[in-house]
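Below you'll find the structure, written out as structure tokens, and then a few comments.
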Amino acid sequence: MGDERQGTGGKRGLWIGGAVAVVALGAGGWALTAAGDPAPRTGPLSAAEIRGAADGFLDAWADGDAERAADRTDDAAAAARALRDYRERGHLTPERLTAGAPKGARVPFSVRARFSYEGGRAPVSYDSGLTVVRRAGDGEPVVAWRPAVLHPRLVGGARFEARETGPARVDALDRTGRPLDTRTFPSLAHVVDGQRGGYGGRAGGRPGVELRTAPGGQVLASVPEGAPGRVRTTIDARVQKAAEREVALRSDASLVVLKPSTGEILAVAGSGAKGADTALRGRLAPGSTMKMITASLLLEKKLAAPDRPHPCPKNASYGGWKFHNVDDFDIVGGTFRSSFAASCNTAFITQAGRIADDALSRQASDVFGIGERWSAGVDVFAGAVPVEHAASKAASMIGQGEVRMNPLTMASVVSTARTGEFRQPYLVAPDVDHRTLATAHRKLDPAAHAQLRDLLHTTATSGSASGSMAGLTGDIGAKTGSAEVIGQKKPNGWFAAWHGDLAASAVMRRGGRGGESSGPLVAAVLRSAR
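According to the numbering used here, the sequence shown is numbered sequentially starting from 13.
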């Protein structure tokens, strides 16, 4: 049996099984010098000396007294540093030290310790050993110091290193504080994963941690699973459920639902492996849904008015390109209202020469917040409307060219069209981590805002969006869109709409016309959320 000792406050054991040698004076004992001072101890170490030296070191270490333990070695300075590292760098506390039977001057012992770091705890057990020698100078029996006494892996200059192995897991909650189970809401899986780095610690979570040697990287202890944090999102479980149900019925669909009055994201959903990611971070041409921004620019500059005559020919050229309407339709003697409601491309192309090259880009940024730095509590792409010239400028006016959006940005655009003021979308309230939300430079001109709302209401009630919006009454507005993509036979179908203080936008890749593909999806969610 061995001698067992516990950490501070624990019991001390007795050595059992080791023979106690009687040391005669002059045989490893003390002799008096003429001056009365003891001479250095000499001769072979006795069992009692070996036991006493090992006992003193292990007792001091178990008590957490690094200085006293170090004094019982032949290199007190180095031992003291290593013992402090054991506690401060290794975050280790010895709980039980059990000595085995000595083999000559070598004393094996086992260690049970506790690793505690960043709230993570793990037991650590290992075997080590020490060797007792006579200290130079006075011959006192002490422990021959080397770092491997504390742990056999501390060789070759290795030191302890405690570190986090990854961000804390996050349990996302809906706006009422109920857990959002990703099995029920699979589209939110990437949203929850995306919050680990940003909110794991702040939400009270604990990361996985490990103790390892450095260099070398040998893992000595590990707590792979920390404790999850809890972060409340703006998701409305009822709206999310409706969104999940509808996208599951369609292929390659992505959708976002917002609250226009606040910018809160109520639902994010997508079918397929990347559908939900496309909803927040997609970079797609938005097609004619972009005409909401373009129309606001024309209305503010008095280049159009809802009931003023406005050309809508079958085709129109600008910058060397010829632009067509779908099926080459035209509106003879029509107004801007009739052109907007029917999503006439040429009604916008004919105005390209009357606006500056940077006008559309500035309108998108200054009024609708597109391209600004959105801090939404989850990684998002805030859209892009670059400055274009000649034919590319005309293409941008109808949502083609280099314009890039996603359902989140277009849900925000239609929300701004409803309220007249950009409110940055967000999934986690800014007071959780003291974020500053993006703002637009100005509001939409009040007169232009009233006209744009009127145009979108007409589109929802008697224009290209009316089929999808049937059954939704009162405060409604909508815009359809189809975006041509090189290499695709069918365009991506877009739809953006609001019903009261609820706005949504969706895209279906290769869906064809937006009013026929994404329109029913958006409208179904708006109806379910009433």
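Beta carbons are placed, not taken as given, at the ideal position from N, Cα and C, and that holds for glycine.
Subject >> Inter-residue CB distance, residue 471 and residue 450 (contact presumed, cutoff 8 Å) >> reply: The sequence position of residue 471 within the sequence shown is 459, counting from 1. The sequence position of residue 450 within the sequence shown is 438, counting from 1. With 8 Å as the limit, residue 471 and residue 450 do not qualify as a contact, their Cβ atoms being about 28 Å apart.
Subject >> Segment contact, 8 Å Cβ cut-off, at least three pairs: the stretch 250 to 264 with the stretch 376 to 394 >> reply: no
Subject >> Residues near residue 475 in its chain [Cβ-Cβ closer than 7 Å; skip 5 each side] >> reply: Translated into positions along the sequence shown, residue 475 becomes position 463. The answer, listed in chain order, is 353, 354.
Original post:
Tell me, which residues are paired with residue 489 by DSSP?
Top reply: Position 477 of the sequence shown holds residue 489. Note: residue 489 sits in a beta bridge opposite 510.
Original post:
According to DSSP, is residue 350 helix, strand or coil?
Top reply: Start at 1 with the first residue of the sequence shown, and residue 350 comes out as number 338. Helix, per DSSP.
**OP:** Count the C-beta pairs between the stretch 310 to 324 and the stretch 361 to 372 that are closer than 8 Å, then say yes if the count reaches three, no if not.
**Re:** yes
Subject >> Touch test, the stretch 225 to 237 against the stretch 386 to 402, Cβ-Cβ under 8 Å, three pairs minimum >> reply: no
Original post:
For residue 88, which of 274, 277, 148 has the nearest alpha-carbon?
Top reply: On the sequence shown, residue 88 is found 76 positions in, with the first residue counted as 1. Ranking 274, 277, 148 by Cα distance to residue 88 puts 148 first.
**OP:** Give the DSSP-derived three-state secondary structure of residue 306 in the structure shown.
**Re:** As a working mapping, residue 306 is identified with position 294 in the sequence shown. The answer is helix: DSSP assigns residue 306 an H, G or I state.
Subject >> Supposed contact pair residue 300 and residue 479 - C-beta distance, whole angstroms, cut 8 Å >> reply: Taking the sequence shown and counting its residues from 1, the one referred to as residue 479 is at position 467. Taking the sequence shown and counting its residues from 1, the one referred to as residue 300 is at position 288. Residue 479 to residue 300, Cβ: 16 Å. No contact.
Subject >> Supposed close pair residue 161, residue 65 - CB separation, criterion 8 Å >> reply: Position 149 of the sequence shown holds residue 161. Position 53 of the sequence shown holds residue 65. About 12 Å; that fails the 8 Å criterion.
Subject >> Contact between the stretch 113 to 127 and the stretch 190 to 198 (3+ Cβ pairs under 8 Å) >> reply: no
Original post:
Is residue 283 buried or exposed, if buried means 16 or more other CB atoms sit within 10 Å of its CB?
Top reply: In the sequence shown, counting from the first residue as 1, residue 283 sits at position 271. That one is buried.
Original post:
Around the C-beta of residue 100, are 16 or more other C-beta atoms found within 10 angstroms, so that it is buried, or is it exposed?
Top reply: Start at 1 with the first residue of the sequence shown, and residue 100 comes out as number 88. Exposed is the call here.
Subject >> Rounded straight-line distance, which links the Cα of residue 95 to that of residue 164 >> reply: If you number the sequence shown from 1, residue 164 lands on position 152. If you number the sequence shown from 1, residue 95 lands on position 83. Their Cα atoms are separated by approximately 14 Å.
Subject >> Runs of alpha helix (DSSP H) lying entirely within the stretch 246 to 287, each at least 4 residues, in chain order >> reply: 249 to 260
Original post:
The beta strand (DSSP E) with residue 141 in it runs from where to where?
Top reply: The residue given as residue 141 occupies position 129 in the sequence shown. Unbroken beta strand (DSSP E) run through residue 141: 132 to 146.
Original post:
From which residue to which residue does the alpha helix (DSSP H) around residue 92 run?
Top reply: As a position in the sequence shown, residue 92 is number 80, starting the count at 1. Note, residue 92: alpha helix (DSSP H), 88 to 100.
**OP:** With residue 153 as the anchor, note down where its beta strand (DSSP E) starts and where it stops.
**Re:** As a position in the sequence shown, residue 153 is number 141, starting the count at 1. Unbroken beta strand (DSSP E) run through residue 153: 153 to 155.
**OP:** Take residue 541 as the anchor and find which of 270, 405, 358, 297 has the nearest alpha-carbon.
**Re:** Here residue 541 refers to the residue found at position 529 of the sequence shown. Of 270, 405, 358, 297, the residue nearest in Cα terms is 270.
**OP:** Could you check what DSSP says for residue 121 in three-state terms: helix, strand or coil?
**Re:** Residue 121 sits at position 109 when you count from the first residue of the sequence shown. In this structure, residue 121 counts as strand in the three-state DSSP scheme.
**OP:** Pull up the distance between the alpha-carbon of residue 286 and that of residue 452, whole angstroms please.
**Re:** For the purposes of this step, residue 286 is identified with residue 274 of the sequence shown, where counting begins at 1. For the purposes of this step, residue 452 is identified with residue 440 of the sequence shown, where counting begins at 1. When rounded, the distance between both Cα atoms is 30 Å.
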